[in-house]
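Residue numbers (the numbering used here), protein chains in the order written: chain A, 1 to 194; chain B, 195 to 390.
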């Protein structure tokens with residue numbers, strides 16, 4: 001005998017209208033709106049992130065589920081996933097990266113244009129996961145700088161979406177001068193990237 | 195007359211005499227050994243003999259037996275006869291300090307990558323191989339991973355500590371400190387005492 005469904009059986013309305021992004025602070029007048037540039041640019045960038053799914057193993061399958069219609073990633077602006085690093089903002093590394101694959105991930109990262117973000121999805125990309133062995137890279141942060149880590153083995157699509165939302169927060173709040181700053185250059189130097 | 199294990203054994207003993215030995219049949223698959231100098235002769239015989247026709251090299255791998263001195267590395271060939279659907283296993287043993295085996299790439303092209311993999315993981319040197327270098331591991335690796343010669347955990351790691359490997363540490367919630375620190379703890383200079 002089936003157990004009857006006991007959660008989520010009363011449909012709830014939306015708390016607020018999600019079809020329009022929130023307006024940043026600024027001063028408004030008759031026919032004009034003035035705000036700072038980085039708020040506007042941040043708003044535009046965060047709602048149209050084009051990810052590059054570097055899907056290697058099981059987490060890639062969870063990503064496929066995330067892109068499907070049930071857990072839709074397209075509603076966050078990632079309708080177009082590109083497989084070319086030249087055209088993408090967010091490198092999502094999903095799956096186990098072997099030591100032999102490390103230079104390949106680094107090459108793909110180098111080919112991306114600024115501003116670029118990296119998301120490590122799954123335990124293997126974050127830290128090597130359960131594969132503590134001679135052939136697996138113990139975390140992609142040994143070769144590329146990572147912005148968001150999504151733990152899980154594999155993380156549920158909701159967790160991947162949570163990671164995307166955190167990336168959106170980072171993108172929206174990023175200063176326009178960050179990529180030219182000394183600190184960022186120092187970070188790239190520590191990875192051997194000029 | 196179908197190709198039975200006895201028939202294969204008879205033909206091998208007829209040709210090679212006492213040099214092929216140790217015929218066993220684990221799970222019905224005929225298995226035998228020969229000295230490593232004869233490996234190509236045996237493989238060629240199994241390939242060319244008109245009743246035997248073992249023309250398919252299914253797989254080639256090595257085994258490391260650290261306890262058998264002078265015969266630590268075994269190289270195992272699995273050959274298959276596609277017409278009569280019969281498979282046999284052929285083993286050769288070699289000393290780990292001089293693991294030189296003649297290559298089978300002249301006879302089977304599949305042996306090319308299989309021997310590279312065997313070299314990569316066990317260090318077996320195939321004499322006459324056209325391109326003997328590492329195939330699955332990073333090229334800078336200087337040890338052979340599948341040999342049973344060294345500890346399973348890398349003792350120079352500092353990011354994984356004793357507690358994770360089940361040595362010492364505590365079963366608490368991480369709120370207690372113990373006297374014997376973990377490897378990461380040992381790197382720090384803390385003068386704090388054990389707080390219980």
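Quick reminder that beta carbons are idealized off the backbone N, C-alpha and C, glycines included.
For clarity, every value in this text was computed on a predicted model and none was experimentally measured.
Taking the CA atoms as reference points, residue 205 of chain B sits about 9 angstroms from residue 240 of chain B. Using a Cβ-Cβ cut-off of 7 angstroms, residue 185 of chain A does not count as an interface residue toward chain B, since no Cβ of chain B sits closer than that to its own. Beta-bridge annotation (DSSP): residue 193 of chain A is not paired with any residue. Looking at the DSSP output, residue 29 of chain A shares a beta bridge with A/32. Residues of chain B whose Cβ lies closer than 7 angstroms to the Cβ of residue 135 of chain A are, in chain order, 331. If you look at residue 225 of chain B, you'll find it isn't in any alpha helix (DSSP H); it sits in the beta strand (DSSP E) that goes 224-227. Taking a Cβ-Cβ threshold of 9 angstroms, the residues of chain B close to residue 99 of chain A are 331, 332 and 335, in chain order. Taking a Cβ-Cβ threshold of 9 angstroms, none of the residues of chain A is close to residue 220 of chain B; the smallest such distance is about 29 angstroms. At a beta-carbon threshold of 8 angstroms, the residues of chain A lying near residue 339 of chain B are 134 and 135, ordered along the chain. Between residue 289 of chain B and residue 212 of chain B, the alpha-carbon positions lie close to 21 angstroms from each other. The Cβ neighbour count for residue 309 of chain B, taken over all protein chains shown within 10 Å, is at least 16; the residue is labelled buried. Under the three-state reduction of DSSP output, residue 120 of chain A falls in the strand class. According to the DSSP assignment, residue 240 of chain B belongs to the alpha helix (DSSP H) that extends over 233-242.
Within the same chain, no Cβ atom closer than 6 angstroms to the Cβ of residue 2 of chain A is found once the five residues on either side in sequence are excluded. The count of Cβ pairs closer than 8 angstroms, one atom from the region 32-39 of chain A and one from the region 63-74 of chain A, stays below three, leaving the stretches out of contact.
Residue state for residue 296 of chain B is assigned as strand, using DSSP reduced to three classes. Proximity to residue 223 of chain B across B/231, B/207, B/198 and B/330 peaks at B/198, based on C-alpha coordinates. Per the C-alpha coordinates, the member of A/129, A/73, A/44 and A/41 positioned closest to residue 52 of chain A is A/73. Residue environment analysis places residue 80 of chain A among the exposed positions, since fewer than 16 neighbouring C-beta atoms fall within 10 angstroms of its C-beta.
Within 10 angstroms of the beta-carbon of residue 200 of chain B lie fewer than 16 other beta-carbons, which makes it exposed.
The Cβ neighbour count for residue 186 of chain A, taken over all protein chains shown within 10 Å, is under 16; the residue is labelled exposed. The beta carbon of residue 312 of chain B sits closer than 8 angstroms to those of 254, 255, 256, 269, 318 and 320, all from its chain and outside the five residues before and after it, given in chain order.
DSSP places residue 53 of chain A in the uninterrupted beta strand (DSSP E) bounded by 51-55. Residue pairing of residue 275 of chain B in beta bridges, as defined by DSSP: B/280. Across the structure, residue 181 of chain A and residue 124 of chain A are spaced so that their CA atoms are roughly 31 angstroms apart. Where residue 206 of chain B is concerned, the enclosing alpha helix (DSSP H) starts and stops at 199-210. For residue 107 of chain A, the enclosing alpha helix (DSSP H) covers residues 102-111.
Contact between residue 88 of chain A and residue 95 of chain A does not hold, since the beta-carbon distance rounds to 17 angstroms and is not under 8 angstroms. Contact fails between the region 333-344 of chain B and the region 139-149 of chain A, because fewer than three Cβ pairs, one in each stretch, are under 8 angstroms apart.
Following the DSSP letters along the chain, one finds residue 148 of chain A inside the beta strand (DSSP E) bounded by residues 148-150. Shown here for residue 203 of chain B: same chain residues with a beta carbon closer than 8 angstroms to its own, the five before and five after excluded, namely 217, 224 and 226 in chain order.
Burial state of residue 93 of chain A is buried, judged by a 10 Å Cβ sphere holding 16 or more other Cβ atoms. Partner residues in the beta bridge of residue 267 of chain B, as assigned by DSSP, are B/258 and B/288. Relative to residue 333 of chain B, the option among A/102, A/122 and A/147 whose CA is nearest is A/102.
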